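Quick note: to get my numbering, add 7 to the position in the sequence shown (first position is 1). By construction, the Cβ of each residue, glycine as well, lies at the ideal position given by its N, Cα and C atoms. Because the structure is a prediction, the values reported are computed rather than measured. Following: one structure in structure tokens, then a few remarks.
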Amino acid sequence: MKDKILVIGACGQVGTELVENLQQVYGNSQVVASDVRTSTHEVFTQSEFVQLDVLDKVQIKDVFQKYQPTIVYHLAALLSATAEAKPKLGWELNMDGTFNIFDACLDHQVKRIFWPSSIAVFGPTTPAIHTPQRTILEPNTVYGITKSAGERYCEYYYNRYKLDVRSIRYPGLIGWKSLPGGGTTDYAVDIFHQALKQGQYDCFLGPTTTLPMMHMEDAVRATLEITEAPSNAIKIRSSYNIAGVSFSPEELTQEIQKHIPDFMITYTPDHRQQIADSWPQSIDDHIARADWGWQEKYNLEKLVVNMLDNLK
Ligand code: SER
């Protein structure tokens with residue numbers, strides 16, 4: 008039997024690019040994209056698109072019954088900054104939404120699920136440099152709390168019900184095909200758009216705020232690779248640390264200035280600074296490398312060239 012893939016939260020930053028890749032791997036007819044929103048992006052015209060609210064159990068049941076997915080990517084969530092503005096909704100969507108989807112996956116014998124976690128599971132008491140896989144998890148954002156609890160649930164559902172969930176802790180994701188929405192790392196995408204459009208950017212994080220980041224191409228590949236890996240290779244059933252590249256706004260600016268010498272940056276840190284300050288600067292991902300062969304392709308130099316070339 009051919010696999011049928013359901014992507015939930017498909018219109019977001021990761022979903023849009025993931026759907027395109029899945030269409031190439033499995034064929035357009037095997038992919039079903041779903042989201043509570045609609046999108047005019049071209050990828051969603053190639054496969055079936057269905058509206059789905061992860062808080063609506065009746066709708067979830069209908070979608071699972073109709074499409075009988077064998078692999079599910081559950082990406083629907085509120086990101087860090089948006090969840091801070093709406094903490095109750097952040098909790099509800101990120102937690103109840105996950106329970107609803109995990110339960111539907113159990114009811115419909117889904118073979119494999121991907122669920123994204125984040126560097127937001129770490130907090131101010133976590134060692135910030137080369138943050139280990141197993142360390143202090145005391146997140147202080149509602150987004151981080153839901154991701155940390157979600158990780159525990161991934162492991163719990165695996166141990167108790169043998170639900171084959173795989174997960175990675177995404178760093179800030181940077182791509183040119185889709186826009187982020189409501190995250191603390193969004194500056195690292197926005198800066199490229201503004202550099203090309205205006206020649207200047209006012210950054211909402213301070214110049215030396217170093218955060219773990221990754222090119223979207225690497226992130227999508229990691230997502231596909233961990234989901235395709237044989238089950239016995241996935242030894243961590245909560246969520247894997249993965250690293251791409253770490254940099255600060257200042258370092259990113261210097262790299263952009265190699266291509267746009269007149270590019271100017273100013274800094275007006277806002278409420279997101281506090282969130283960023285609670286997160287690690289770099290990530291130790293040697294376990295993901297050993298278990299399922301994770302390897303990033305983009306360093307800062309390549310990332311900047313790729314973003315500028317494609318956005319021009
Ligand atoms: N990029 C996300 C955010 O900033 C982190 O997972 O919220």
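{"Query": "Beta carbon of Leu100 nearer than 8 Å to that of Leu85", "Result": "yes"}
{"Query": "Member of Ile243, Asn28, Gln58 and Asp63 whose CA lies at the smallest distance from the CA of Ala111", "Result": "Asp63"}
{"Query": "Whether Val39 touches Pro76 by CB criterion (8 Å)", "Result": "yes"}
{"Query": "Nonlocal neighbours in the same chain, by C-beta distance under 6 Å from Glu55, ignoring five residues either side", "Result": "Val39"}
{"Query": "Option in Gly97, Ser289 and Ala90 with minimal Cα separation from His137", "Result": "Ser289"}
{"Query": "Leu82 Cβ short of 7 Å to the ligand SER heavy atom set", "Result": "no"}
{"Query": "Proximity to Ala135 [Cα-Cα], best of His266, Leu218, Arg279 and Ser174", "Result": "Leu218"}
{"Query": "For Ala40: DSSP bridge partner residues", "Result": "Val14 and Phe56"}
{"Query": "Buried or exposed (CB count within 10 angstroms, at least 16 for buried), Gln58", "Result": "exposed"}
{"Query": "Own chain residues within Cβ distance below 6 Å of Val252, not counting five before or after", "Result": "Met220, Asn306 and Leu307"}
{"Query": "Three-state secondary structure (DSSP) of Arg176", "Result": "strand"}
{"Query": "Cutoff 7 Å; reference Pro276; Cβ partners in own chain excluding five residues on either side", "Result": "Phe211, Leu212 and Gly213"}
{"Query": "Chain-order list of residues whose beta-carbon lies under 7 Å from that of Ala283 (same chain, five-residue window excluded)", "Result": "Thr191, Leu212, Thr216 and Leu218"}
{"Query": "Enclosing beta strand (DSSP E) for Leu218 [first to last residue]", "Result": "Leu218 to His222"}
{"Query": "Near the ligand SER: Gly190 beta-carbon under 7 Å from a heavy atom", "Result": "yes"}
{"Query": "Ordered list of alpha helix (DSSP H) runs contained in the region 223-290, each at least 4 residues", "Result": "223-235, 256-264 and 279-284"}
{"Query": "Three-state class that DSSP yields for Ile143 in the structure shown", "Result": "coil"}
{"Query": "Buried/exposed call for Tyr330, threshold 16 Cβ in 10 Å", "Result": "Here the chain covers residues 8 to 319 and nothing more, so residue 330 does not appear."}
{"Query": "Any non-hydrogen atom of the ligand SER closer than 7 Å to Ser36 Cβ", "Result": "no"}
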